[in-house]
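Residue numbers (the numbering used here), protein chains in the order written: chain A, 5 to 319; chain B, 547 to 880. Quick notes on the structure that follows.
So, in structure tokens, the structure goes:
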């Protein structure tokens with residue numbers, strides 16, 4: 005190889021190398037830009053404000069896979085990890101767990117399969133959010149895995165509230181989908197601790213989103229595991245106040261936990277009636293979840309005798 | 547003419563079908579929603595509906611919404627509830643002979659339980675039927691062990707611990723106390739608080755319950771000795787059962803028992819998963835050497851023998867011990 009040829013070779017290599025670097029940077033820039041856009045759009049109402057649940061159900065999986073692809077290319081992008089996790093949790097709740105819960109009683113295996121699929125998606129979502137938290141605070145995940153919750157929370161700041169909330173929401177939703185998974189049972193106190201941290205920073209977080217989860221937890225868990233009717237009712241009052249009574253979720257949460265436990269069918273009907281009275285168009289950001297929750301409320305009212313022993317008279 | 551007869555037969559057939567009243571059986575259970583027992587009950591319900599062509603349907607009220615077990619039995623007697631899946635603790639409120647199978651350290655393993663239970667079923671069924679209930683399934687549900695704050699290997703270790711006795715049976719409490727154990731009786735709902743506050747140190751429960759209730763977080767030592775089998779049964783009030791067409795009854799019983807039999811592997815898996823998770827979170831398992839196991843057997847025999855004929859039905863006890871001897875003779879060295 006002549007010196008001139010060698011120089012030309014280095015030149016080509018240099019160009020190629022520069023090109024590779026350049027294309028890497030461009031790719032990275034593109035990923036960051038799209039990722040940032042998508043992560044930001046998660047805050048908007050493109051999905052949550054839609055009035056067509058079926059359209060969103062069909063569109064979300066593509067968005068979720070797009071999020072995953074971008075996150076794969078940019079794993080250190082914490083906001084994108086949060087948005088990815090949030091999409092998985094929302095999809096699993098609205099389009100896997102909720103439809104499974106309304107299957108006819110005889111479809112035992114189909115319902116179980118639906119719940120197990122929802123659990124997998126919830127845990128996948130939780131892990132993405134934890135990936136984001138780990139990017140923000142190295143060591144957080146290890147401390148949480150070792151059940152050193154207080155130490156893990158010491159690493160966090162107020163602007164981690166979204167990450168803690170979505171981790172806890174995903175974890176508790178997974179537990180609700182498979183309440184006999186012992187690895188989830190023992191993790192419930194950790195999820196509650198994350199929610200309580202968010203609440204301590206801002207008790208109006210998400211216009212009552214924390215309280216909405218706590219209604220079901222306090223209403224369903226036994227007293228010696230932290231549950232209690234008084235706590236559930238207090239969380240319900242606070243949630244309704246914070247959202248201005250514009251969300252169906254708190255009504256469903258109290259009806260399906262405390263009212264059923266107390267076998268109070270009148271209260272059950274009253275709460276679900278209030279959930280159905282909400283104008284879904286009055287609050288665009290909550291439109292989709294309100295529509296889905298109202299469908300569930302209607303189904304619950306149609307199946308009231310499945311939950312209340314005395315309904316339908318004595319046998 | 548032939549067409550007219552066929553048409554008339556069809557119309558009559560439709561009228562008969564429309565007139566046949568469907569039977570809905572309201573079935574209660576303490577089993578939490580999502581638990582293996584609740585799933586099994588729903589499978590049984592689906593099978594009964596399929597076999598009966600929809601003429602027998604079951605509405606399941608799980609998770610204790612139909613009340614605790616004595617309450618469910620009371621509701622079945624007055625007709626508010628038609629059936630229940632209950633543990634041996636609830637079942638003994640109908641016939642206390644069933645408790646004999648849970649006599650501490652009498653049965654040693656699943657094979658013995660299966661052999662003895664199969665032979666006791668006709669007698670238990672007869673006694674339960676005579677008290678107004680039809681047993682529809684028998685379901686073994688694992689074994690109970692000691693869980694304690696400090697490791698318990700020998701009886702002397704347990705005597706240092708405050709032992710929770712749930713049954714509320716004064717005879718049982720007295721028997722434990724006479725044998726030198728310190729007993730504490732509190733409601734199950736207060737157990738965690740009692741463990742946390744140091745009022746209770748030890749309890750008898752299954753790995754599945756210890757994990758799901760998180761009692762093992764304080765009573766973090768498990769004695770590796772199967773104390774007694776945990777089991778239950780499905781019962782339907784005779785008033786309701788008599789409304790099931792006679793030709794359907796054996797088919798429904800067969801389907802229910804098949805579902806119960808299929809539950810055993812799920813429960814074994816759940817118990818084993820529960821132990822794995824508890825080990826990960828600090829559970830310590832104390833093996834019991836053979837000589838110490840003999841000490842336990844001798845002590846508990848002395849403790850519980852006076853209760854035979856009172857808490858434990860004499861006839862049932864004699865039958866169980868006879869079948870057990872028969873099994874052990876045929877399976878020496880097990």
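Note that the Cβ used here is the ideal one computed from N, Cα and C, for glycine as well.
What is the DSSP secondary structure of residue i, counted as helix, strand or coil?
i: residue 201(A); result: helix
i: residue 768(B); result: strand
i: residue 223(A); result: helix
i: residue 611(B); result: coil
i: residue 643(B); result: helix
i: residue 706(B); result: coil
i: residue 186(A); result: helix
i: residue 51(A); result: coil
i: residue 792(B); result: coil
i: residue 598(B); result: coil
i: residue 630(B); result: strand
i: residue 745(B); result: coil
i: residue 304(A); result: helix
i: residue 311(A); result: coil
i: residue 66(A); result: helix
i: residue 680(B); result: strand
i: residue 579(B); result: coil
i: residue 775(B); result: strand
i: residue 668(B); result: helix
i: residue 697(B); result: coil
i: residue 833(B); result: strand
i: residue 654(B); result: coil
i: residue 847(B); result: helix
i: residue 811(B); result: helix
i: residue 83(A); result: helix
i: residue 878(B); result: coil
i: residue 107(A); result: coil
Report the rounded CA-to-CA distance for residue i versus residue j, giving the unit in angstroms.
i: residue 241(A); j: residue 279(A); result: 14 Å
i: residue 260(A); j: residue 307(A); result: 12 Å
i: residue 220(A); j: residue 115(A); result: 21 Å
i: residue 218(A); j: residue 196(A); result: 8 Å
i: residue 653(B); j: residue 73(A); result: 58 Å
i: residue 89(A); j: residue 758(B); result: 27 Å
i: residue 150(A); j: residue 200(A); result: 19 Å
i: residue 640(B); j: residue 574(B); result: 16 Å
i: residue 870(B); j: residue 656(B); result: 12 Å
i: residue 273(A); j: residue 303(A); result: 12 Å
i: residue 613(B); j: residue 312(A); result: 12 Å
i: residue 66(A); j: residue 123(A); result: 20 Å
i: residue 142(A); j: residue 651(B); result: 52 Å
i: residue 865(B); j: residue 643(B); result: 10 Å
i: residue 198(A); j: residue 814(B); result: 33 Å
i: residue 638(B); j: residue 645(B); result: 6 Å
i: residue 184(A); j: residue 59(A); result: 33 Å
i: residue 786(B); j: residue 623(B); result: 10 Å
i: residue 595(B); j: residue 570(B); result: 10 Å
i: residue 670(B); j: residue 597(B); result: 26 Å
i: residue 708(B); j: residue 739(B); result: 14 Å
i: residue 288(A); j: residue 194(A); result: 33 Å
i: residue 101(A); j: residue 181(A); result: 7 Å
Could you name the residues that DSSP lists as bridge partners for residue i?
i: residue 692(B); result: 750(B)
i: residue 854(B); result: 858(B)
i: residue 571(B); result: 604(B)
i: residue 730(B); result: 710(B)
i: residue 686(B); result: 777(B)
i: residue 112(A); result: Looking at the DSSP assignment, residue 112(A) forms no beta bridge with any residue, so it has no partner.
i: residue 782(B); result: 629(B), 680(B)
When every heavy atom of the ligand GTP is checked, does at least one fall within less than 7 Å of the C-beta of residue i?
i: residue 603(B); result: As for the ligand GTP, it is missing from this structure, which has no ligand bound.
Contact the segment 581-590 of chain B vs the segment 804-812 of chain B: 3+ CB pairs below 8 Å
Taking a cut-off of 8 Å for Cβ pairs, the segment 581-590 of chain B and the segment 804-812 of chain B touch, as three or more such pairs fall below it.
Output the residue ranges of the alpha helix (DSSP H) runs that lie fully inside the segment 205-288 of chain A and measure 4 residues or longer, sorted by chain position.
The qualifying runs are 213-224, 233-247, 253-258, 269-281.
Any chance the segment 651-668 of chain B sits against the segment 735-743 of chain B, with 3 or more Cβ pairs inside 8 Å?
no
Three-pair Cβ contact test at 8 Å for the segment 620-640 of chain B versus the segment 764-778 of chain B:
yes
If you pair each beta-carbon of the segment 823-843 of chain B with each one of the segment 685-705 of chain B, do three or more pairs fall below 8 Å?
yes
Whether or not the segment 76-87 of chain A and the segment 129-148 of chain A are in contact is what I'm after, with contact meaning three or more pairs of Cβ atoms, one per stretch, closer than 8 Å; do they touch?
yes
State whether the segment 715-735 of chain B contacts the segment 850-862 of chain B, with contact taken as three or more CB pairs (one from each stretch) at a distance under 8 Å.
The segment 715-735 of chain B and the segment 850-862 of chain B touch, with no fewer than 3 CB-CB distances between them shorter than 8 Å.
Are at least three pairs of beta-carbons, each pair with one atom in the segment 704-713 of chain B and one in the segment 601-617 of chain B, less than 8 Å apart?
Taking a cut-off of 8 Å on C-beta distances, the segment 704-713 of chain B does not touch the segment 601-617 of chain B, as fewer than three cross pairs fall below it.
Residue ranges of each alpha helix (DSSP H) run of no fewer than 4 residues wholly in the segment 143-196 of chain A, ordered along the chain?
144-149, 153-158, 165-181, 186-189
Does the segment 275-293 of chain A come close enough to the segment 246-255 of chain A to have 3 or more Cβ pairs within less than 8 Å?
yes
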